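Working notes for the structure below.
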Amino acid sequence: MTPLRFPLPEARLRRRPGVYLALTLLTGVLQVLAALACMHDPPRLAAGVTGVALSAAMVGLSLRRPLPEDHIHRLAVTLALVWLMTEAALMVWHGGVLSPQQLTNAAITSALALTLLPPRQAVPVVAMVYGLLLVLVLTIPGSDLILLLMNMVLAGLMGFMSVYGRQVSVAQARSAWLQDLAFRDPLTGLANRHMADEELRALELAQGALAPEQSAGAVGDAALLILDLDDFKRINDSLGHARGDQALVHVARLIEGQLRPGDTAARWGGEEFLVILRGVSREQARAVGERMLQAVQNTPLPGFPHLTLSGGGAMLEEAPDHAALLDLADRRLYAAKHAGRARSVWSEDEVLAAYALFPTPREATRSRGP
Numbered sequence: 001m002t003p004l005r006f007p008l009p010e011a012r013l014r015r016r017p018g019v020y021l022a023l024t025l026l027t028g029v030l031q032v033l034a035a036l037a038c039m040h041d042p043p044r045l046a047a048g049v050t051g052v053a054l055s056a057a058m059v060g061l062s063l064r065r066p067l068p069e070d071h072i073h074r075l076a077v078t079l080a081l082v083w084l085m086t087e088a089a090l091m092v093w094h095g096g097v098l099s100p101q102q103l104t105n106a107a108i109t110s111a112l113a114l115t116l117l118p119p120r121q122a123v124p125v126v127a128m129v130y131g132l133l134l135v136l137v138l139t140i141p142g143s144d145l146i147l148l149l150m151n152m153v154l155a156g157l158m159g160f161m162s163v164y165g166r167q168v169s170v171a172q173a174r175s176a177w178l179q180d181l182a183f184r185d186p187l188t189g190l191a192n193r194h195m196a197d198e199e200l201r202a203l204e205l206a207q208g209a210l211a212p213e214q215s216a217g218a219v220g221d222a223a224l225l226i227l228d229l230d231d232f233k234r235i236n237d238s239l240g241h242a243r244g245d246q247a248l249v250h251v252a253r254l255i256e257g258q259l260r261p262g263d264t265a266a267r268w269g270g271e272e273f274l275v276i277l278r279g280v281s282r283e284q285a286r287a288v289g290e291r292m293l294q295a296v297q298n299t300p301l302p303g304f305p306h307l308t309l310s311g312g313g314a315m316l317e318e319a320p321d322h323a324a325l326l327d328l329a330d331r332r333l334y335a336a337k338h339a340g341r342a343r344s345v346w347s348e349d350e351v352l353a354a355y356a357l358f359p360t361p362r363e364a365t366r367s368r369g370p
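Per full-length UniProt numbering, residue 1 is the first one in the sequence shown, and the count goes up by one each step.
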């Protein structure tokens, strides 16, 4: 059995071009202002012009839609490194000393690397930045070694906070992923049986906590609907289980498309789906169920026989607990199957009518389920 693997956040994430464009434009504006402020200082002016050019390059890269986000991160750090090395080269060329501005640029480059790159890539970048500055400080007289060491300590603190923050983010993402696995059906993406059962129990507890007159107007206005994909065994036997899974996913999407805010759809097991409708009367619940049946019936799936659903529904106040509610809805589902499928049954009168009209199951509906 292949173990489940957690998808790490840094693995080719979805791009957010608007965010990158805004940040790079802001950086470009700041670089232009810095260049204008250094008009009478040729080395700093050259560094500022280089920064403007690199910012313009980042604007272009941020608009490249096919480029994955992790590539954008690496390019941003690379351009920051080029900017820093350009400043260092100009400083050496003009015989200057290491300035607080260059140390600030080194801190910014390190922060970019520690924030945007995985630790195994960020640490070498930071080591390269401060290794270069250390060589410059030791070879150029008048440079402030103490200031550089303080900046290196600051970079170390940023690195620790970045690694810790990344670990927290990954742990939170992993927890959310595992929770989703625990409550989500992996095939259809709907809630699974466990989650649906928990919601039914919560409705039952809420109903018991209210007075009868309150329950009738609040939690009691909830309905349960069990839906079954008709002739699913025939689909599996004739087309194969993989095609049967395609039919289940297709039906799940159509059911989900008819849900209202606050409703829940779950895969109850096999070809059965369970729908919890909140804040509805029997007529409203029946209407929602009929829309689900019609959506499946009127949306053909290429290469498949005509798909239909049968349903059995019950109101929450009709049963003393959620187990009895499930039994009631299931019995009505069986009556819908008995009477010919592609229909829903919502009352005991309809159950009696189904068995009165068809004392034995119709030939086309002799078996229910697989």
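Note that the Cβ used here is the ideal one computed from N, Cα and C, for glycine as well.
Keep in mind the model is a prediction, meaning the values are calculated, not measured.
Bridge partner(s) assigned by DSSP for residue i
i, result
"M315", "A223"
"V275", "L225, A265"
"A191", "R184, A266"
"L309", "L229"
Spatial neighbours of residue i in its chain, beta-carbon cut-off 8 Å, leaving aside the 5 residues before and after
i, result
"V168", "none"
"Q297", "H306, L307, T308, L309, A342"
"L301", "Q246, A247, H250, L307"
Residue i in three-state terms, based on DSSP
i, result
"A342", "coil"
"V296", "helix"
"G257", "helix"
"S110", "helix"
"I140", "coil"
"G303", "coil"
"L117", "coil"
"P124", "helix"
"S281", "coil"
"F160", "helix"
"D321", "coil"
"G165", "helix"
"S175", "helix"
"G131", "helix"
"S347", "coil"
"G240", "coil"
Close beta carbons around residue i, own chain, < 6 Å, minus the five adjacent residues each side
i, result
"L145", "V137"
"G279", "D221"
"A319", "L325, L328"
"A339", "A354, F358"
"G262", "R278"
"L190", "A252, A265, A266, R267"
Length of the line joining the Cα atoms of residue i and residue j
i, j, result
"A76", "V125", "12 Å"
"E317", "L333", "18 Å"
"W177", "A80", "34 Å"
"G131", "N192", "55 Å"
"S143", "S110", "20 Å"
"I226", "D330", "7 Å"
"V123", "M158", "11 Å"
"S175", "W346", "40 Å"
"L239", "T78", "53 Å"
"T188", "D180", "13 Å"
"E87", "L103", "11 Å"
"A89", "A53", "17 Å"
"H194", "A314", "20 Å"
"A196", "A266", "6 Å"
"A202", "A182", "18 Å"
"L114", "Q172", "19 Å"
"A356", "W268", "29 Å"
"H241", "M161", "50 Å"
"D349", "R260", "28 Å"
"Q82", "V135", "A small fix is needed here, since residue 82 is Val in this sequence, not Gln. Computed Cα separation, rounded: 17 Å."
"G165", "A223", "44 Å"
"R282", "G244", "32 Å"
Member of the options whose CA lies at the smallest distance from the CA of residue i
i, options, result
"L205", "A88, D330, D321", "D321"
"L274", "I255, Q102, S281", "I255"
"A323", "F304, L227, L239, E198", "E198"
"K337", "S281, H250, P300, L229", "L229"
"R234", "G312, T308, M315", "T308"
"S344", "A285, I276, G303, A356", "A285"
"P118", "I140, G313, R74, T104", "R74"
"A252", "D349, A314, D237, R184", "R184"
"T264", "W346, L224, E272, I276", "I276"
"A335", "V351, A88, L103", "V351"
"E271", "F304, G303, L200, F232", "F232"
"V92", "L203, E283, T299, T139", "T139"
"L148", "R120, L133, D237, R260", "L133"
"F304", "Y164, G165, D237", "D237"
Beta-carbon proximity list for residue i, same chain, < 7 Å, skipping 5 on both sides
i, result
"Q258", "V288, R291, M292, A295"
"F107", "In the sequence under discussion, the amino acid at residue 107 is Ala, which differs from the Phe named in the question. Once the five neighbours on either side are set aside, the close Cβ partners of A107 are N151, L154, A155."
"L84", "N105, A106, T109, V129"
"G311", "L225, I226, L227, G289, L293, L333, A336, S344"
Residue i: CB within 7 Å of a non-hydrogen atom of the ligand MG
i, result
"K337", "Absence of the ligand MG is noted for the structure shown, with no ligands found whatsoever."
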